[in-house]
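Protein chains in written order, with my numbering: chain A, 1 to 217; chain B, 1 to 340.
A virtual CB, placed ideally from N, CA and C, is assigned to each residue, including glycine.
A short write-up of the structure that comes next.
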Amino acid sequence: MDFCIITKEVPVDEISPGNDKKDAMFPDIYLCNKVTDAERERSFYPDLIFPHPFMECEVTDLELAAQYKERLRQGGSHQTMVLVRPQTALRQSGQGESPNQSEQGEAQDQSEQKKSTKQSSDHSLEQAKNILAICLKQEFSEPRKNFSEPDFTQLCEEFSCSQTMAEQLRQYLCYGAAADIDSCKILEFMREEGRLPVPNKREGVKQLAYFKQQLIG
Amino acid sequence: MHTLNNSSSDKKELFASHIYVEEKIEAHPLVQRIRERFKEAEYVNIGHYKDIFCRQGQNTALQEHQKNIILARKEGTLVYEGAPVCQSFGHRYFYYTSCVMNCVYNCEYCYLKGMYPSANLVIFVNPEDIFAQVEQILKEHPVYLCVSYDTDLLAIESLTGFVSRWIEFTRQHPELTIEIRTKCANRKLFRELPVCERVIYAFTISPQPVTEQFEMRTPSMEARISCAGYALEQGHNVRLCFDPMLYFKDWREAYGEMLKKIREQIPDGALTDASVGSFRISKSYLKSMRKRYPDSAVIQFPYELQNGYYQYEPALVEEMEGYLTKQLQMLYPTLSIFRW
Ligand code: SF4
Chain A
1 MDFCIITKEV PVDEISPGND KKDAMFPDIY LCNKVTDAER ERSFYPDLIF
51 PHPFMECEVT DLELAAQYKE RLRQGGSHQT MVLVRPQTAL RQSGQGESPN
101 QSEQGEAQDQ SEQKKSTKQS SDHSLEQAKN ILAICLKQEF SEPRKNFSEP
151 DFTQLCEEFS CSQTMAEQLR QYLCYGAAAD IDSCKILEFM REEGRLPVPN
201 KREGVKQLAY FKQQLIG
Chain B
1 MHTLNNSSSD KKELFASHIY VEEKIEAHPL VQRIRERFKE AEYVNIGHYK
51 DIFCRQGQNT ALQEHQKNII LARKEGTLVY EGAPVCQSFG HRYFYYTSCV
101 MNCVYNCEYC YLKGMYPSAN LVIFVNPEDI FAQVEQILKE HPVYLCVSYD
151 TDLLAIESLT GFVSRWIEFT RQHPELTIEI RTKCANRKLF RELPVCERVI
201 YAFTISPQPV TEQFEMRTPS MEARISCAGY ALEQGHNVRL CFDPMLYFKD
251 WREAYGEMLK KIREQIPDGA LTDASVGSFR ISKSYLKSMR KRYPDSAVIQ
301 FPYELQNGYY QYEPALVEEM EGYLTKQLQM LYPTLSIFRW
């Protein structure tokens, strides 16, 4: 699946929380539903199309908006944006720590604190990505039959394909795969019956029609 | 998260976890009504619906699983001339319009999948502007208008109330006839909606194997037939649409069985008319659908390209449509049948 997650730490005062999930399982992780490029006065809306256990927010952030636009420009990706409140911000807002952690925090020197904050954010991001991957898998994975794929170039030679015939052949194979039909088996029969390979294009057209007939039944 | 559809005969509930609202219509009564209905949804303010609906690179196959709703105001041209692939039922002035883009149902073969860049539902809150444009056209000539083409309006009637408003408008305009196409089987609606002789409910009926395999979230064949019969009993005009007919291994038996079931519940002389048409779709739509849905057999089927439209090969079209038409004529000798 073509799926991409943009992640960033964003200070708490730049996030406008959307839903009020007081009992949110992950109070430091947000999924962004709107990112605004304030300079160009444009907003973008990352995809949110499956149930998830996170809180949501809007954010105004040039860098994120630019990243998002760039991903769109590259095309094809399903975009989800995960934002994490840095641990420092969490401390200020009195969340995400146990009393014990707080006491330890006072004893730590500054660089150690930075390191642990970074680790903690990385951990949150990792956790968010894993959970999103699970949500996606549960929602959208569908079993597919696993037929072996025929060698297309070789097949074109066997059917003596022109450009147009090759396009037709490709579509027949796509249909076979989508309809759970074992194209290789049909082709193998055609070889056994002496239908393939064909001696010339004219015969190729005939056999291609035969192959289609076998596929669509 | 809430269910969009009240019909008990719908197979799967549809959830809308996110509702995007154009800032300029935030205070609109319909927006307020929808907010009441979807209290737990996440609301996101947007500038223009196209910012989200027309965004490039959307994964519509994923969106189909959980459609979100966009509430917007429709602007510009709101009423269009009927497309050449659509049946005009002999009407000279044939138009269509859409107060909603996309559908709560999810038919695998639906052309909307090739027409729109998103699977999310856009509800335009201002049908009154469409009414005004229809009134302009009515000044010139009578109008036959399909109001439920790019969606299924009846399936979301409890949410929008648009069908009631269309009926009210049609009753006030004697030169207007409207068609409401549907796969919905909510009998309650036909008890409650006022009867108007210029409103035609066009039920699309498909054999049960087609419904099960290709028409996700729609009511069963039986439920649709029974609802069509009920609508007739309540005095409404009913058209049956066997369109699109799909080809599959036992199509003949399945379509024959379907007609038998219909005849058991609907007598000859009761229907307004019927239409028969095998699957067809414009080249550009199918091209885009094939890219987006590589695993769909109905989309990947090797159709033939004829005059810019993909369809079954002519002999098969003749065989399928000919068979259904003949069977219909036998069961309903007085019925007007329109073939695509
Ligand atoms: S009911 Fe009609 S509009 Fe809705 S998905 Fe099916 S074919 Fe498309």
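Pick out whichever of B:D51, B:F94, B:E108 and B:G229 has its Cα sitting closest to the Cα of B:R217. B:E108
Assign A:G94 to one of three DSSP states: helix, strand, or coil. In this prediction, A:G94 scores a pLDDT of 37, lower than 50, which makes its location untrustworthy; no coordinate-derived value is stated.
Answer yes or no: does any C-beta atom of chain A fall closer than 7 angstroms to that of B:A254? no
Cβ separation of B:E22 and B:A72, assumed to be a contact under 8 angstroms, to the nearest whole Å: 5 angstroms
Sub-7 angstroms separation of B:R171 and B:A202 beta-carbons: Against a cut-off of 7 angstroms, the Cβ pair of B:A202 and B:R171 comes out as no contact.
Would you say B:K249 lies against chain A (beta-carbon separation less than 7 angstroms)? yes
Relative to the C-alpha of B:E222, which candidate in B:Q329, B:F248, B:K291 and B:S206 has its C-alpha closest? B:S206
Is B:C107 a contact residue of the ligand SF4, with contact defined as CB to any heavy atom under 6 angstroms? yes
A:K201 CB to nearest chain B CB: under 7 angstroms? Not one beta carbon of chain B lies nearer than 7 angstroms to the beta carbon of A:K201.
Taking three-plus beta-carbon pairs below 8 angstroms as touching, is the stretch 288-307 of chain B in contact with the stretch 111-129 of chain B? yes
What do you get for A:F152, buried or exposed, if any count of 16 or more other CB atoms within 10 angstroms of its CB means buried? exposed
B:R224 and B:D273: beta carbons closer than 7 angstroms? Cβ distance not < 7 angstroms, so B:R224 and B:D273 don't count as in contact.
Classify B:G47 as helix, strand or coil using the three-state DSSP reduction. coil
Could you give the distance in angstroms between the alpha-carbon of B:I137 and the alpha-carbon of B:S148? 19 angstroms
Based on Cα-Cα distance, which residue from A:K206, A:E193, A:A178 and A:E126 lies nearest to A:S160? A:K206
Take every Cβ of the stretch 41-49 of chain A, pair it with every Cβ of the stretch 38-57 of chain B, and state whether three or more of those distances are shorter than 8 angstroms. yes
Confirm, please, whether the CB-CB distance from B:Q234 to B:F190 is below 7 angstroms. yes
Straight-line gap, A:D2 to B:I281 (C-alpha atoms, nearest Å): Caution is warranted here: a pLDDT of 42 is assigned to A:D2, below 50, making its placement in the model unreliable, and no coordinate value can be reported.
How close, in whole Å, do the beta carbons of B:R37 and B:L193 come, if the pair is a contact with beta carbons under 8 angstroms? Not quite, the Cβ-Cβ distance comes to about 19 angstroms (not below 8 angstroms), so this is no contact.
With the cut-off set at 7 angstroms, would you say A:A209 and B:A297 are in Cβ contact? no
Heavy atom of the ligand SF4 less than 6 angstroms from the Cβ of B:K67, yes or no? No, Cβ of B:K67 sits at least 6 angstroms from all heavy atoms of the ligand SF4.
I'd like the span of the beta strand (DSSP E) that includes B:H18, first residue to last. H18 to E22
Hey, how far is the Cα of B:E321 from the Cα of B:G269? 22 angstroms
Counting only Cβ-Cβ distances shorter than 8 angstroms, please list the residues of the stretch 153-177 of chain A near chain B, keeping chain order. Listed in sequence order: Q168, Q171, Y172, C174, Y175 and A177.
With the cut-off set at 7 angstroms, would you say B:A41 and B:I19 are in Cβ contact? yes
Once you ignore the five residues that flank B:R198 on each side, which residues in its own chain have a CB closer than 6 angstroms to its CB? T170 and T177
Using a cut-off of 8 angstroms between C-beta atoms, extract the partners of A:G204 located in chain B. Within 8 angstroms Cβ-Cβ: nothing; A:G204 doesn't reach chain B, min ~16 angstroms.
Give a yes or no on whether the C-beta atoms belonging to B:N68 and B:A16 are separated by under 7 angstroms. In this structure, B:N68 places its C-beta atom within 7 angstroms of the C-beta atom of B:A16.
A:E39 versus chain B: which residues are under 7 angstroms apart at the beta carbon? Close to A:E39, with beta-carbon spacing below 7 angstroms, lies no residue of chain B; the smallest spacing is near 15 angstroms.
Taking 6 angstroms as the cut-off, does the CB of B:D268 come closer than this to any heavy atom belonging to the ligand SF4? no
Do you know how far the Cα of A:D37 is from the Cα of A:D61? 6 angstroms
Using a 10 Å radius around the Cβ and a threshold of 16 neighbouring Cβ atoms, would you call A:T164 buried or exposed? exposed
Among B:V317, B:A315, B:W251 and B:Y303, which residue has its Cα nearest to the Cα of A:Q171? B:Y303
Are the stretch 25-35 of chain B and the stretch 184-203 of chain A touching, with three or more C-beta to C-beta distances below 8 angstroms? no
Distance check for B:L121 and A:T80, CA to CA, integer angstroms please. Here the alpha carbons of B:L121 and A:T80 stand approximately 20 angstroms from one another.
Going along chain B, which residues have a C-beta under 7 angstroms from A:A179? A297
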